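What follows is a set of notes on a single structure, which appears directly below.
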Amino acid sequence: MIVRNGLHRLRMTALSALLASVIVPAAQAQEPEYALRWATLMEINTLDPVYQTNFWESVSTYNVYDTLVWPDAEKGVVPWLAESWMISEDGREYAFKIRGGQKFHDGSEVTAEDVAFSMVRMLVVNGPAASNFRMIKAEGVSFEGDTVTFKLDAPNSSFLKSLLLFRIINKDVVLANLKPGAFGEMQDYGTDFLRANDAGSGPYEVADYRPGEILRVKKFADYALAPVKAGAPGSVEFQVTPEIATIVTKLRAGEIDVGDPTIPVTVQRELGSVPNLKRREEPIPSPWFVVMNTTKAPLDDVWVRKAIASAYDAETVKNHILGAGGPLAGPVPASILPGCEGITTYPYDLDKAREFLSKSKYSAADLAKSDLRIAAVAGSDRFNNISLLLATNLTRLGIPTKVQPVRWTDIVAAQTKPETAYDFVLFYEPAKIPEPTLFLNYFTKSTWGDAYPPGGMYYDNPEATKLIAAGIGSMDTKVQADSYCGAAKLIAEDSPAIFSHTDVQHVTLWDYVTGFPPSNGAMYYDLRFENWSMDAKSPQLQANQPK
Amino acid sequence: MKLLRLVQRIMQMLVVLAGVSILVFLLTRVLPGDPVAAALGNRASAEQIEQLRNQLGLNQPLVMQYINFVTGMFRGEFGLSLVERRDVGAVIAARLPATLELIIASLLFAIAVGVPLGVIAAVHRDRFLDGFSRIFALAGVSFPQFWVGIVIQLFFGLTLALLPITGRLSVAAPPNVTGFLTIDSLLALDFTAFGNSLQHLVAPTIVLAAGPLATIMRMVRANMIDELEKPYPELARALGVHPFIINYKFVLRNAFTSTLTIIGFLVPIMIGSSFVVEKVFGWPGMARFGADSIIANDFNGVIGVTMIVCLFVVLTNFIVEILYPVIDPRVRLEAGT
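Protein chains in written order, with my numbering: chain A, 701 to 1247; chain B, 17 to 353.
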């Protein structure tokens, strides 16, 4: 019996070996996998989805972790890790049924308990990601069986879209790696472990992470939530390269396949002449604002603010300082608030600006005495040049204005109080989710005192605030759209900030890389690498791949 | 060096370190700006800022903060880095070997090339080789590291494809033992990784070594000329001693004391200036972390890096002082009198 079993086992082993020798190489030959290498100008300092702040940290976690919902151009969101959901009649309770059979990278199954744990952890740790979830408290999270329930403090129509920013982590892995910390029995809540390790279920898993140098993620073999595109990179390498000139050299040498989007547009246009490099140019809903401190004279006068907005040369900013830019009417990009017509805009017109000034409560003599300051982030040519252009035009208008280079952290401190906030500050913020309240809330009292950006706005229009609240409280998309549009019009009419333009993202990459599928309005979802592909037939790809 | 003098020197070192720690600690605390809010990114609420401030101990009295800092330092903990979101001690432990590997390679290269060139220039004083070395030295200190780095990347990386453009290693890393990739790969008998790490070291080493090399060369030349004008080299020549022995064994040894002092000073300067090289070559070292910490007002990071640099300054000077009598017997004799 033993011998027979042994013979059987031997036969099976031989058969397996034969099959392996025939099938595996054939499969490998059919699906060669390549490494996509991407230079990142910024450091990737954390892999913890709760603490990610910069572009690259976000890109990496969007590939390592998954979400309950996926962005959809028409419906806003569609089911993803959540198979379905129910919303209570009062609009406060959201019950999500978790899809079965989905695995974390350690092989364990994603459960409702993991989802609940992830939400509670995010709210308790209160890192940057929690800023998007002020509508819910940890006590409002519960689970039963395969369903997790979130009870909001008040009805909030933006909650579902906010879930695009909520990543699910593996509870067991986190609990097995706790270290002493400030969160009671949860110790450090796994923050030290998750900073450098993987507890996700996304299409890529962490293979190598050396802070300051490299993050390499590789395809997760058991990913079952969505089909992985043929030719999707087998691994993605983020190479920290903190110098633009070096990134350009690496791109030209084929040491990387994609360049950092923050390389100046002018440089990227020059790279367009290099054979086999292509440039992707796409408008993104990332508005640029020049915020005015409306609590200070003469910026407390709406006519002065309108005059200042009219003295801002947005076309020069877009075409000559930044090299590209799209239109922006009011506080919300049109792609996020479509169909909102009739928003007041202020095209560059110094005569019109003078006309506005003549209606102001401040005389020309009063304005001539003003000594306004534009805080431009020190070291940023873009911020400095935009500020200089505005200061020059305002001075021509009879409002003496100076540009003051200030460190980012100093602006952050100054903007938390109206008395210390600068007269003008610039900032831009990408819309991570297609939600108008992201920007409309800046112009309500609820964000007074917040850190810059967007902190430093001390504007309030009760009528606009009421409309925004009506939109948030309603589940009717028509009511939402009308309310937000009405609020945007009121805010634009009051001109508490210069609504400059929206960004156009430029990325230079080798032509064998096909990527950036539609993001459906949600940032980073076009950077899910299972939807990218690399052309195996390209000789450049073969030549550039690491040997 | 006598024991008493040794103890005196160690005491002086500790006083300097304590003084620097107080100064840097106070400076980072009184600087304007809100690094805590900045570290939390966009839309940080007042509650989030307060929570992180508490976590960092910033709501405690300044004296308590300093005591916590000093006691933590003895455990190798410098507080949470707002840039890297882990303890500064851990960041330094991870990044210091990369910086040290680069600095040691650069220093060895600068000494190995600079000293012989200085000797040659002195021996061939005012002739072609001397003039050539002068131009070489001038170029070494004149061209900015940033520019030299980019030129090397373009020529050796892009055009000739001989050297990698950035990073420390492009193959699988050997097990981490010392943090020095060259040493770790040898310990693991991984000669692929060893060759690859050496290849990555070449360009940043040349760039970082250019300035110190020029300084060492000119210093050796000047001191050699002084020594060569003394009677003993002439006597040695008259006795038929080989010129190589005269130049390298007798003259250079006497001329090297002041060069050694300069080398002692070069080490901290190299740590300070290596952030440019680390940035251009994507080298994951401590200096780059220090520069990032200053920009982000990451006070714990600034203090940690400053203390480590300060430690290196005092240690290098201490070692140099110990080496004086070893190299120059006159110092030994003076100390004995």
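For every residue, glycine included, the Cβ atom is placed at its ideal position computed from N, Cα and C.
Predicted model, so just to flag it, every value in this text is computed and none were measured.
List the residues of chain B whose Cβ lies closer than 8 Å to the Cβ of residue i, in chain order.
| i | result |
| --- | --- |
| Val940 of chain A | Gly298 and Pro300 |
| Asp892 of chain A | Arg102 |
Once the 5 residues before and after residue i are set aside, which same chain residues still bring their CB inside 7 Å of it?
| i | result |
| --- | --- |
| Asp872 of chain A | Ser808 |
| Gly1186 of chain A | Leu1167 |
| Asp960 of chain A | Ala739, Thr740, Leu741 and Ile947 |
| Asp806 of chain A | Asn870 and Val873 |
| Ala225 of chain B | Ser122, Phe125 and Ala126 |
| Leu707 of chain A | At Leu707 of chain A the pLDDT is 39, less than 50, meaning the model places this residue with poor confidence; the figure from the coordinates comes in the next sentence. Hits under 7 Å: none found. |
| Pro779 of chain A | Val769 |
| Ala735 of chain A | Pro933, Gly934, Ser935, Glu937, Gln1245 and Pro1246 |
Check the C-beta distance from residue i over to residue j and give it rounded, since I have them as a contact under 8 Å.
| i | j | result |
| --- | --- | --- |
| Thr949 of chain A | Leu174 of chain B | 5 Å |
| Ala252 of chain B | Ile241 of chain B | Between Ile241 of chain B and Ala252 of chain B the Cβ distance is about 16 Å, and since that is not below 8 Å, they are no contact. |
| Leu197 of chain B | Ala188 of chain B | About 11 Å; that fails the 8 Å criterion. |
| Ala54 of chain B | Thr1109 of chain A | 5 Å |
| Val40 of chain B | Val318 of chain B | 7 Å |
| Ile38 of chain B | Met302 of chain B | Incorrect: roughly 22 Å between the Cβ atoms, too far for contact. |
| Leu647 of chain A | Leu1126 of chain A | Shown here, chain A extends from 701 to 1247; a query on residue 647 of chain A therefore has no answer. |
May I ask which residues mark the beginning and end of the beta strand (DSSP E) holding residue i?
| i | result |
| --- | --- |
| Leu96 of chain B | Segment: none, Leu96 of chain B is in no beta strand (DSSP E) and carries neither H nor E. |
| Trp770 of chain A | Val769 to Asp772 |
| Arg737 of chain A | Ala735 to Thr740 |
| Thr1101 of chain A | Thr1101 to Val1106 |
| Ala876 of chain A | Careful: Ala876 of chain A lies outside any beta strand (DSSP E) and carries neither H nor E. |
| Phe315 of chain B | Per DSSP, Phe315 of chain B belongs to no beta strand (DSSP E); it is in the alpha helix (DSSP H), Phe315 to Ile343. |
| Arg1073 of chain A | Leu1072 to Val1077 |
How far does the alpha helix (DSSP H) with residue i in it extend, from its first residue to its last?
| i | result |
| --- | --- |
| His216 of chain B | Phe207 to Leu244 |
| Ala360 of chain B | In the structure as shown, chain B starts at 17 and stops at 353, and residue 360 of chain B therefore has no counterpart that could be examined. |
| Ser1183 of chain A | Thr1177 to Asp1194 |
| Ile1198 of chain A | Here Ile1198 of chain A belongs to no alpha helix (DSSP H); instead the beta strand (DSSP E) covers Ala1197 to Trp1210. |
| Pro1246 of chain A | First-last for Pro1246 of chain A: undefined, no H or E at that position. |
| Ala1164 of chain A | Pro1162 to Gly1173 |
| Leu823 of chain A | Ala812 to Val825 |
| Glu294 of chain B | Leu268 to Val296 |
| Gly1008 of chain A | It is Ile, not Gly, that sits at residue 1008 of chain A in the sequence shown. Segment Val1002 to Ser1010, the alpha helix (DSSP H) holding Ile1008 of chain A. |
| Arg25 of chain B | Leu19 to Val46 |
| Ile1086 of chain A | Asp1081 to Arg1096 |
Among the residues of its own chain, which have a CB less than 6 Å from the CB of residue i, if the five just before and after it don't count?
| i | result |
| --- | --- |
| Leu229 of chain B | Ala126, Val129, Gly130 and Gly156 |
| Arg895 of chain A | Thr746 and Asp748 |
| Ala1024 of chain A | Val965 and Val1204 |
| Leu217 of chain B | Ala121 |
| Gly776 of chain A | Lys861 |
| Arg834 of chain A | none |
| Tyr1152 of chain A | Ile1111, Val1112 and Gln1115 |
| Ala726 of chain A | Note that Ala726 of chain A scores a pLDDT of 43, beneath 50, so its modelled location is shaky; the value from the coordinates is reported in the next line. Closer than 6 Å at the Cβ level, and outside the excluded window around Ala726 of chain A, lies no residue. |
Who are the neighbours of residue i on chain A, taking C-beta pairs under 7 Å?
| i | result |
| --- | --- |
| Gln24 of chain B | By Cβ distance, chain A contributes nothing, its closest Cβ being about 39 Å from Gln24 of chain B, past 7 Å. |
| Gly57 of chain B | Thr753 and Pro828 |
| Pro48 of chain B | Asp1110 and Ala1113 |
| Ile181 of chain B | Thr946, Thr949, Lys950, Ala953 and Glu955 |
| Ala238 of chain B | Within 7 Å Cβ-Cβ: nothing; Ala238 of chain B doesn't reach chain A, min ~36 Å. |
| Gln76 of chain B | Ordered by position in chain A, no residue passes the 7 Å Cβ test against Gln76 of chain B, which lies about 14 Å from the chain. |
Using DSSP's beta-bridge definition, name the partner residues of residue i.
| i | result |
| --- | --- |
| Glu793 of chain A | A:Lys851 |
| Pro975 of chain A | Looking at the DSSP assignment, Pro975 of chain A forms no beta bridge with any residue, so it has no partner. |
| Lys918 of chain A | A:Glu905 and A:Ser935 |
| Tyr264 of chain B | According to DSSP, Tyr264 of chain B bridges with nothing at all. |
| Gly776 of chain A | A:Asp772 |
| Glu982 of chain A | A:Gln1205 |
| Met886 of chain A | None; Met886 of chain A has no bridge partner. |
| Ile798 of chain A | A:Ala782 |
| Ile1133 of chain A | Answer by DSSP bridge pairing: none, since Ile1133 of chain A is not bridged. |
Going along the chain, which residues of its own chain have a beta-carbon closer than 8 Å to the beta-carbon of residue i, five neighbours each way excluded?
| i | result |
| --- | --- |
| Thr1144 of chain A | Asp1160, Ala1164, Thr1165 and Ile1168 |
| Arg1005 of chain A | Met992, Thr994, Leu999, Asp1194, Ser1195 and Pro1196 |
| Val724 of chain A | A caution first: Val724 of chain A carries a pLDDT of 43, below 50, which makes its placement in the model unreliable, though a value can still be read off. If we look at Val724 of chain A and ignore the five residues flanking it on each side, it has no Cβ neighbours. |
What in chain B is Cβ-close to residue i, meaning under 7 Å?
| i | result |
| --- | --- |
| Ala882 of chain A | Gln71 |
Can you list the residues of chain A that residue i reaches, using a CB-CB cut of under 9 Å?
| i | result |
| --- | --- |
| Ile166 of chain B | Glu943, Ala945, Thr946 and Thr949 |
List, in chain order, every chain A residue whose beta-carbon is nearer than 8 Å to that of residue i.
| i | result |
| --- | --- |
| Phe3 of chain B | As shown, chain B starts at 17 and ends at 353. That puts residue 3 of chain B outside it, with no answer to give. |
Show which residues of chain B have a CB atom less than 9 Å away from the CB atom of residue i.
| i | result |
| --- | --- |
| Asn745 of chain A | Ser97, Val99, Glu100, Arg101 and Arg102 |
| Ala899 of chain A | Chain B residues near Ala899 of chain A: none, gap ~16 Å exceeds 9 Å. |
| Pro1246 of chain A | Ser186 and Val187 |
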